[in-house]
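According to our numbering, the sequence shown is numbered sequentially starting from 1186.
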Amino acid sequence: MSNTICPLPWIHLATRPNGDVRLCCTSNASGAGKVDDKILGLVKEDGVPMNLRESSIETIWNSSFMKQTRLQMLQGQVPPSCTKCFTEESNGVVSKRQWETEVWKERLNLEEIYSQTGKDGSLPCKIPYFDLRLGNVCNLKCTMCSPHDSSSWIKEWKLMLPTIENDNLKNDLGWDSSFDYNWYQKNNFLRSVDDQLENIRELYFAGGEPLMIPEHKRILKNLVESGRAKNIILRYNSNGTYVSDEFLELWSHFSKVKFNFSLDAIGDRNNYIRYPSDWDSVYHKLYKITTESTDNVFVNVACAVQALNVMHIPDMARFFLKNQMEINKENQGAPIIGTHLVYLPSFQNVRVLPLSEKHKAAEKIKTLISEIDCEYFHSHPYGKQRWLGLINYMFEEDWSDKLPMLVEYLDKLDAQRNLSWRMYFPELDL
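Written as structure tokens, this is what we have:
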């Protein structure tokens, strides 16, 4: 097989909160948005993104973009919207392409599925894996987020944007307020998902905050009542604040539930990054899901690594090592804590740190690695290897010219929220 192939264009469809469609949650990331002024990704002939508000699942599945992407991969080419995975792989970071391949070759006969590809790249519309982001409803306003992914951001965003002085920062903070985040309530999309039930093997829910969205619960209840839940894996990225007994009961009917609990630090640092969360309440929810859920629920702590917290990741890891909670256990997720890089907004990427601070962060991470006496951590691709890959990525390019953008952004946030980032992240006050 081609060494650029990824199974996702053959088995997967992913939505954005506004209903736009993409190959996966990683495609078109890390700045791969345009080439020669041509928009990349799932777009119509006129360059307008395909959206499930007006396009059917079947139409999108065999759109020109999807067919071309499959053919490019089969021919050993890297589709432009897929550059993030290959960049990560060049730095020793295990990419989504790599780990999804390992997961799905155990579940499906991928060779047989590839062989069904038509000469034009078309494929029967039998989709086992959906990434569903049903709108932007969320109760938090995380520093690396925006109104596109959190409805709670909108009011503050509108107040803050006119006060931004740096034009580059203002451009990075762009948001199209005309987006329709209730798209899934206005067409036949949910019915189309129901039509795919016999094919579905995994549903991935992310935000907004998926546990707040009624249609998410409706889908789960439908799967339980139809008797299909036992054949389906659920996966989440969630801030965990809406974990309840009702969800614990619903999840008990599914084959497996992989709950990625989003935490970016411990204590007040997490409160700052994932504003306005409260650490004691969040930790209580984490404790609840790890102690009261059934044996088919596996909890992973997922950390969005960025300029604000990369220096403090070792503290977070030591906290969970000390508390020995039932998280990130063998064969279910990255050992200790899971990490993924924040690419956008670019001024919060780890490459923004000055060289001196990069060296400090790298030394702290390497010291932690040397302390961990766990063969699973050292052998797991999302353990030692991924953390060292993160260091390689951080040093590969110097984006420190964006540091003034980050400082202005945090100052504007603090003015809105009556906080002080210098209290929690003094290493950035250079």
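The beta carbon of each residue, even a glycine, is placed where N, CA and C say it ideally should be. As the structure is a prediction and not an experimental result, all values here were calculated from the model.
Close Cβ partners of residue i (< 6 Å) along its chain, the five nearest in sequence each way excluded
i	result
residue 1479	1437
residue 1563	1569
residue 1538	1492
residue 1215	For residue 1215, the pLDDT reaches just 44, beneath the cut-off of 50, and the residue's location in the model is therefore unreliable, leaving the point undetermined.
residue 1598	none
residue 1381	1312
residue 1221	Low confidence applies here, because residue 1221 scores a pLDDT of 44, under 50, leaving its location unreliable; read the following figure in that light. Correct list: empty, nothing qualifies.
residue 1485	1445, 1513, 1518, 1523
residue 1584	1536, 1537
residue 1358	none
residue 1504	1451
Given residue i as reference, the closest of the options once Cα atoms are compared
i	options	result
residue 1469	1424, 1443, 1407, 1329	1424
residue 1474	1510, 1495, 1462, 1458	1510
residue 1277	1587, 1566, 1433, 1456	1566
residue 1420	1407, 1431, 1412, 1447	1447
residue 1521	1494, 1541, 1554, 1546	1554
residue 1374	1401, 1394, 1396, 1358	1401
residue 1548	1505, 1499, 1525	1499
residue 1444	1409, 1387, 1545, 1586	1387
residue 1494	1606, 1246, 1292	1606
residue 1619	1314, 1456, 1302, 1588	For the chain, the structure presents residues 1186 to 1615; residue 1619 sits outside this window and is missing.
residue 1611	1595, 1603, 1601, 1396	1595
residue 1333	1394, 1352, 1429	1394
residue 1432	1467, 1457, 1459, 1399	1399
residue 1603	1457, 1272, 1504	1457
residue 1588	1551, 1552, 1540	1540
Limits of the unbroken alpha helix (DSSP H) element including residue i
i	result
residue 1286	1281–1292
residue 1546	1540–1556
residue 1571	1569–1581
residue 1504	1498–1508
residue 1408	1399–1411
residue 1270	1268–1275
residue 1300	1295–1300
residue 1466	1464–1477
residue 1366	Unbroken run through residue 1366: none, as it is neither H nor E.
residue 1414	It is not in any alpha helix (DSSP H) - residue 1414 carries neither H nor E in the DSSP assignment.
residue 1354	1352–1357
residue 1244	1242–1246
residue 1591	1588–1602
residue 1526	No alpha helix (DSSP H) holds residue 1526; the beta strand (DSSP E) holding it covers 1523–1526.
residue 1563	1560–1564
residue 1378	1374–1380
residue 1427	No alpha helix (DSSP H) holds residue 1427; DSSP gives it neither H nor E.
residue 1343	1339–1345
residue 1457	1453–1458
The beta strand (DSSP E) enclosing residue i, as first and last residue numbers
i	result
residue 1389	1387–1390
residue 1535	It is not in any beta strand (DSSP E) - residue 1535 carries neither H nor E in the DSSP assignment.
residue 1314	1314–1317
residue 1198	1197–1200
residue 1447	1441–1447
residue 1420	1418–1423
residue 1250	No beta strand (DSSP E) holds residue 1250; the alpha helix (DSSP H) holding it covers 1249–1259.
residue 1483	1482–1490
Neighbourhood of residue i by C-beta, 7 Å cutoff - its chain only, sequence neighbours within 5 removed
i	result
residue 1497	1450, 1454
residue 1192	1285, 1286, 1289, 1295
residue 1253	1306
residue 1477	1433
Beta-carbon proximity of residue i to residue j, cut-off 8 Å
i	j	result
residue 1306	residue 1238	no
residue 1523	residue 1559	no
residue 1366	residue 1203	yes
residue 1325	residue 1335	yes
residue 1211	residue 1304	no
residue 1543	residue 1483	no
residue 1377	residue 1242	yes
residue 1439	residue 1406	no
residue 1262	residue 1189	yes
residue 1426	residue 1316	no
residue 1258	residue 1264	yes
residue 1384	residue 1308	no
residue 1530	residue 1329	yes
residue 1571	residue 1279	yes
residue 1635	residue 1354	Shown here, the chain extends from 1186 to 1615; a query on residue 1635 therefore has no answer.
residue 1341	residue 1601	yes
residue 1573	residue 1526	no
residue 1408	residue 1417	yes
residue 1356	residue 1392	no
residue 1298	residue 1196	yes
Contact test: residue i Cβ vs the ligand NAD heavy atom, cutoff 7 Å
i	result
residue 1336	What this structure holds is no ligand at all, so the ligand NAD is not there to describe.
Same chain only: Cβ atoms within 8 Å of residue i, ignoring 5 sequence neighbours per side
i	result
residue 1591	1492, 1532, 1533, 1537, 1613
residue 1579	1495, 1535, 1536, 1538, 1543, 1546, 1547
residue 1506	1521, 1557
residue 1463	1456
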